[in-house]
Structures are given as structure tokens and as C-alpha cells.
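Quick note on my numbering: the sequence shown kicks off at 325 and runs consecutively.
Quick reminder that beta carbons are idealized off the backbone N, C-alpha and C, glycines included.
Computed from a prediction, not measured in an experiment: that's the story for all the values here.
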Amino acid sequence: MKKQYSLLVLSLLLMACGSDKKKSVSDIIENGNLEELRFKRAELVSDSDVLLNDIASIDKAIAELDTVHKLALITTFKVKDTLFNHYLELQATVQTKENILLNAEYGGVLQQIYVTKGQQVRQGQLLAKIDDGGLSQQLAQLQIQADLSKTTYERQAKLWSQKIGSEMQYLQAKSNFEGQQKAVVQLQQQLAKTTLTAPFSGTIDDIIIERGNVVAPGMAIMRLVNLRNMYLEADVPESYIANVRKGTEALVDIPTLPETLVTTINQVGNYINPNNRSFKIEVLLSNKEGLIKPNLTAKVKIKDYSNPNAMLIPLSVISENADGEQYVYLAKDNGENVYALATRVIIETGKAQGDFIEVVNGIKVGDAIIYEGARTVKEGQKVSVLN
325 MKKQYSLLVL SLLLMACGSD KKKSVSDIIE NGNLEELRFK RAELVSDSDV LLNDIASIDK
385 AIAELDTVHK LALITTFKVK DTLFNHYLEL QATVQTKENI LLNAEYGGVL QQIYVTKGQQ
445 VRQGQLLAKI DDGGLSQQLA QLQIQADLSK TTYERQAKLW SQKIGSEMQY LQAKSNFEGQ
505 QKAVVQLQQQ LAKTTLTAPF SGTIDDIIIE RGNVVAPGMA IMRLVNLRNM YLEADVPESY
565 IANVRKGTEA LVDIPTLPET LVTTINQVGN YINPNNRSFK IEVLLSNKEG LIKPNLTAKV
625 KIKDYSNPNA MLIPLSVISE NADGEQYVYL AKDNGENVYA LATRVIIETG KAQGDFIEVV
685 NGIKVGDAII YEGARTVKEG QKVSVLN
């Protein structure tokens with residue numbers, strides 16, 4: 325009986341709805357008929373299911389006909405062979421072998437300074453004079469005695485050649501003359517220590533002690549610098565000992581200069597420092613304009629590898645798997661010219677320079693490597709190449 329009653333009510337509701345197809349949901353809610361509300365809800369759910377099925381069917385049809393909208397968008401670049409030079413970059417310090425402090429060799433009052441700061445001097449030029457304390461007078465007296473001993477020796481030698489006088493007189497005169505000569509030379513050398521001369525041509529960079537001060541042996545008086553013959557000194561790790569040799573090309577970057585200097589290694593050290601496992605090198609610098617100064621910091625790049633047919637790729641496109649293998653994705657043509665397939669290939673890399681690295685195995689010239697999108701694509705994924 326209940327089943328028949330429910331069917332009768334449902335029939336009546338259908339007839340009522342059929343008679344007013346445009347009856348709105350708000351009208352049904354306003355009527356407050358529970359059975360009518362339940363029927364309207366069931367009707368709407370049924371309609372929504374039909375709509376969802378229709379939408380799914382349309383999406384499927386679109387997916388079969390449109391092969392562009394679901395492709396990953398990527399860009400690629402073609403692998404080319406090019407000249408690749410690898411440089412070892414090192415920190416270096418500018419040095420000059422002609423940068424010295426001129427020290428006093430004799431104690432006394434600094435009597436005279438003949439130069440000023442910044443003055444250019446030539447080799448052997450007199451720079452300063454220390455009071456000799458009477459050495460010059462002693463030398464003058466000793467020179468007189470030496471001249472007398474010379475005259476005596478010459479006369480004795482002449483007499484002895486004529487067999488006049490004794491051999492002992494001749495030998496005594498000779499010995500006295502030679503002794504006096506050595507004494508003069510010795511005093512001359514001592515007197516020379518009271519003067520300061522330039523050991524090489526250069527510039528007076530600093531005068532440390534002024535005129536009138538008392539100086540002692542070993543005390544610094546002034547600094548002499550020559551900026552024409554400059555060089556860089558750097559420590560090279562011992563692992564590069566086979567690649568860094570005398571004559572190897574080097575690029576030098578100095579902050580005070582607007583351009584990079586191209587030069588060569590002048591000297592390679594033969595001693596390995598046990599503290600840092602490195603050896604020293606010297607790189608000559610041309611300093612015609614005098615802009616390079618001692619103790620400046622610089623960067624020196626030494627060419628330790630060159631390949632005229634290297635395949636270079638950006639470091640940003642390389643990924644690494646769990647086994648530590650490096651790989652890139654290639655965009656392989658599927659033959660239909662509609663889309664490409666992302667294909668992963670394992671590569672072997674060599675030396676890196678800046679943002680690029682050399683690939684020695686795994687790719688070939690002409691391969692299209694995925695650039696933008698390389699981190700998001702997967703093996704076998706369909707891709708659309710924008711470029």
C-alpha cells in the first residue's frame with residue numbers, strides 16, 4: 325500500500341510540474357510542499373549529472389582534435405663546436421724588485437740630503453751625506469804617506485836593478501808601499517759608507533730621516549722605487565704543475581687599470597710549499613705609464629686548457645640524478661612537425677668557465693637542447709618549441 329501511495333504522489337507531482345515547467349525554485353520553496361521540494365532537488369541533480377557528462381565528452385573530443393594546448397612550452401638551442409680556453413684564476417700581488425729602503429752604513433750626523441720626495445734620480449747619483457767624523461782628514465794624511473812610500477819604493481827598485489844597495493832595503497820599501505796602498509783603499513771604502521748613492525735609477529718615494537738627525541748603521545734613511553719593471557707573484561696549487569709553465573699565456577686584471585693586460589709567465593718556482601701545497605709564479609707587467617704600484621692586489625688568469633672544437637652548454641640546463649650522473653633534455657622531432665618529445669640523455673662534462681661547461685660525451689653537434697623549461701619537463705613528455 326505504501327509503495328502504491330508513493331507512486332501516486334510522484335505521479336501527481338510530475339503532472340503538477342509538467343503543467344508548470346517554468347515554476348521557479350523560489351516559488352516551490354515559498355509553497356512549502358516537502359514532496360515538491362524533494363522532487364525538484366532530484367530533478368536538478370539529474371540535470372547536473374547530464375551536464376557534467378556532456379562537458380566530459382566535449383573535453384575528450386577537444387583533446388583528440390587539439391594537440392597544442394596541453395604541450396609544455398619550451399625553448400631550445402643548437403649544440404655547436406667552438407674554441408674553448410679555460411683559465412685558472414688566482415689572486416696575486418704586484419711586486420717590484422727595485423723597491424728598497426736605503427740604509428745608513430756609517431754612524432753619525434746626517435749632514436746633507438741632496439734630493440726631495442718624488443724626485444727622479446739616476447743610478448750612482450749622490451743622495452745624502454753623513455758626517456765622517458774626520459775620516460777624510462785621515463785619508464788625506466794616509467795618502468801623503470802612501471805617496472812617499474811609493475817614491476821610496478820606486479827609488480829602491482831602480483837602485484836594486486843596478487845592483488846598488490841591499491835586497492832587504494828593496495823588500496822593505498816594497499812592503500811599506502803595498503801596506504800603505506791597502507790602508508788607503510781600506511779607508512776609502514770606509515769613507516764611502518758616509519755617502520748614500522742610488523743603486524739604480526728610480527723615484528725617491530719617501531725620506532724617512534731629515535737632515536741633522538743622528539743615524540746609526542742599518543737605520544733607514546729613504547725609499548727608492550722603480551716602477552718600470554713590475555711583476556705579479558701568485559701561488560699556484562700543485563695539481564696544476566703540468567699545465568703552468570714558463571711562457572704560458574696569462575690575463576691580468578688590476579683594479580686601477582681600465583683594461584685587461586695580456587702577458588706571459590716569466591718564472592715558475594721549483595719549490596712546493598708544504599703548508600699550502602703550492603708553488604710560486606712570476607708574471608711580468610708593462611708599466612710604461614706608471615699606473616701600476618707595488619702591493620696592489622690583482623687577479624691573474626692562466627690558460628691551462630684549450631680545445632678548438634669544444635661543445636659548450638649553460639650550467640643551468642644540467643640536472644643530476646640519484647646516482648650522481650649529469651643529464652640534459654633534448655627536444656626530439658617526432659616526424660610530424662606538430663610537437664617534439666623531451667628525451668633525457670646522460671652526459672660527461674669537462675672544465676667549466678663562467679656560466680658554461682664543456683661536454684665531452686653524450687651529445688653531438690646539431691642536437692637541440694631544452695633551455696627554458698629544462699627543469700620542468702619529464703622523459704617522453706610532449707613539448708612545443710617556441711623558438
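Tell me whether residue i is buried or exposed, calling it buried when 16 or more other Cβ atoms sit within 10 Å of its Cβ.
i: valine 538; result: exposed
i: valine 683; result: buried
i: alanine 416; result: buried
i: leucine 434; result: buried
i: isoleucine 382; result: exposed
i: glycine 457; result: exposed
i: glutamine 465; result: exposed
i: alanine 558; result: buried
i: leucine 548; result: buried
i: serine 602; result: buried
i: glutamine 504; result: buried
i: valine 374; result: exposed
i: isoleucine 626; result: buried
i: alanine 622; result: buried
i: glutamate 359; result: exposed
i: asparagine 611; result: buried
i: alanine 698; result: buried
i: glutamine 591; result: exposed
i: leucine 368; result: exposed
i: alanine 497; result: buried
First and last residue of the beta strand (DSSP E) that includes residue i?
i: glutamine 705; result: From DSSP, glutamine 705 is part of no beta strand (DSSP E); its letter is neither H nor E.
i: serine 499; result: Per DSSP, serine 499 belongs to no beta strand (DSSP E); it is in the alpha helix (DSSP H), 491-516.
i: lysine 612; result: From DSSP, lysine 612 is part of no beta strand (DSSP E); its letter is neither H nor E.
i: phenylalanine 401; result: 400-402
i: isoleucine 694; result: 692-694
i: leucine 426; result: 423-427
i: methionine 554; result: 553-561
i: leucine 547; result: In the sequence under discussion, the amino acid at residue 547 is arginine, which differs from the leucine named in the question. Per DSSP, arginine 547 belongs to the beta strand (DSSP E) from 544-549.
i: serine 630; result: 621-638
i: asparagine 590; result: 585-592
i: isoleucine 681; result: 680-685
i: glycine 432; result: 432-437
i: lysine 570; result: It is not in any beta strand (DSSP E) - lysine 570 carries neither H nor E in the DSSP assignment.
i: leucine 520; result: 519-521
Apart from the five residues just before and just after residue i, which ones in its own chain have a Cβ nearer than 6 Å to its Cβ?
i: isoleucine 437; result: Ala452, Arg535
i: glutamine 677; result: His410
i: lysine 675; result: His410, Tyr629, Glu682
i: asparagine 631; result: Phe408
Under a three-way DSSP split, which group does residue i fall into?
i: alanine 366; result: helix
i: asparagine 355; result: helix
i: proline 531; result: Position check: residue 531 holds isoleucine in this sequence, whereas proline was assumed. Of the three classes helix, strand and coil, the one that applies to isoleucine 531 here is strand, per DSSP.
i: glutamine 444; result: strand
i: glycine 697; result: coil
i: valine 374; result: helix
i: tyrosine 651; result: strand
i: serine 602; result: strand
i: lysine 384; result: helix
i: serine 350; result: helix
i: threonine 420; result: strand
i: serine 643; result: strand
i: isoleucine 379; result: helix
i: tyrosine 564; result: helix
i: leucine 361; result: helix
i: isoleucine 670; result: strand
i: lysine 688; result: coil
i: leucine 665; result: strand
i: phenylalanine 757; result: Residue 757 is absent from the model: the chain starts at 325 and stops at 711.
i: leucine 608; result: strand
So residue i packs on residue j, CB below 8 Å; how close in whole Å?
i: alanine 634; j: aspartate 405; result: 7 Å
i: leucine 450; j: threonine 527; result: Contact doesn't hold; Cβ gap of about 16 Å is too wide.
i: tryptophan 484; j: glutamate 478; result: About 11 Å separates the two Cβ atoms, so there is no contact after all.
i: isoleucine 605; j: valine 560; result: 6 Å
i: leucine 747; j: leucine 397; result: This structure gives no information on residue 747, because the portion of the chain shown stretches from 325 to 711.
i: asparagine 550; j: threonine 440; result: Incorrect: roughly 17 Å between the Cβ atoms, too far for contact.
i: threonine 400; j: alanine 692; result: 4 Å
i: lysine 482; j: phenylalanine 501; result: At roughly 14 Å, the Cβ-Cβ gap does not stay under 8 Å, so lysine 482 and phenylalanine 501 are not in contact.
i: glycine 686; j: glutamate 696; result: Contact flag wrong, Cβ pair sits at about 21 Å.
i: arginine 446; j: alanine 522; result: 7 Å
i: glutamine 469; j: leucine 511; result: Actually they are not in contact, since the Cβ atoms of glutamine 469 and leucine 511 sit about 11 Å apart, beyond 8 Å.
Between which two residues does the alpha helix (DSSP H) containing residue i stretch?
i: arginine 479; result: 459-485
In chain order, what residues of the same chain lie with their CB nearer than 8 Å to the CB of residue i, ignoring the 5 residues before and after it?
i: leucine 609; result: Val418, Met554, Tyr555, Leu556, Val576, Leu585, Thr587, Ile616
i: methionine 543; result: Asn427, Ala428, Ile533
i: asparagine 645; result: Tyr651
i: glutamine 443; result: Thr527, Ile528
i: isoleucine 694; result: Ile398, Thr399, Thr400, Val641, Val652, Tyr653, Leu654, Ala655, Ala666, Val701, Val707
i: threonine 580; result: Leu615, Ile616, Lys617, Leu620
Give me, in chain order, the residues of the same chain whose beta-carbon lies closer than 7 Å to that of residue i; leave out the 5 immediate sequence neighbours on both sides.
i: serine 286; result: The chain is shown only over 325 to 711; residue 286 falls outside these bounds and no answer can be derived.
i: alanine 664; result: Ala655, Lys656, Asp657, Asn658, Val707, Val709
i: glycine 448; result: Thr521, Ala522
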